[in-house]
Amino acid sequence: MRSMMLFALLLPLFAQATDGAWSASAAGPLMANRGSWQSSQPLTPPGDVKGAMTVVNWRYQLTRPAPSGLQVRLCAAQRCTELDGANGATRGLTGVTADETLHMVFGFAGSGSLPPGLKVVSTDVTVNYQ
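All letters in the sequence shown, in the order written, are residues -17 to -1, 1 to 113 by mature numbering (1 follows the signal peptide of the UniProt record, and there is no 0).
And the structure:
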């Protein structure tokens, strides 16, 4: 009986500690020149998301293999994290509110033009939160 009462008292705490995830996809930018940064369209969460980000899985696809020097960041309003490769997972945005819109930002160091038609076809994220 005592354990049942304890369980009943703790039940609301368990209900608040729910995990969740949301996914978003967006078009990416056309990249023409080195030395500039281009942002994807917003990666927006659904309406009612509460909690803080834990792990974010990402994927992006280019129209052709990336020339040397590609740098990619996943950004929230106040923080960015470097992405290594065309897909993976990061904890670099841990603690950011889960309802925050994200962007992938693409850039190339140096100067000069890039191969014609180099475009980010798609950007995808799955945001896990607690």
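Each residue gets a CB set at the ideal place from its N, CA and C atoms; glycine is no exception.
What you are looking at is a predicted structure, and each value in this text was computed from that prediction instead of being measured.
Less than 8 angstroms between the CB atoms is what I'm expecting for Q24 and A9, so what's the real figure, rounded? As a working note, residue 24 is residue 41 in the sequence shown. As a working note, residue 9 is residue 26 in the sequence shown. Rounded, the Cβ-Cβ distance is 4 angstroms, consistent with contact.
Looking at the structure shown, is M36 part of a helix, part of a strand, or coil, going by DSSP? Your numbering for residue 36 matches position 53 in the sequence shown. Looking at M36 - three-state DSSP - the assignment turns out to be strand.
For T73, name the three-state secondary structure that DSSP assigns. Position 90 of the sequence shown, counted from the first residue, corresponds to residue 73. Of the three classes helix, strand and coil, the one that applies to T73 here is strand, per DSSP.
Rank K102, Y112, V110 by C-alpha distance to the C-alpha of G11 and give the top, closest one. Stepping through the sequence shown from its first residue, residue 11 is reached at position 28. Among K102, Y112, V110, the Cα nearest to that of G11 belongs to K102.
Cα-Cα separation, R56 to E65: By 1-based counting over the sequence shown, the position of residue 56 is 73. By 1-based counting over the sequence shown, the position of residue 65 is 82. Their backbone Cα atoms lie some 4 angstroms apart in a straight line.
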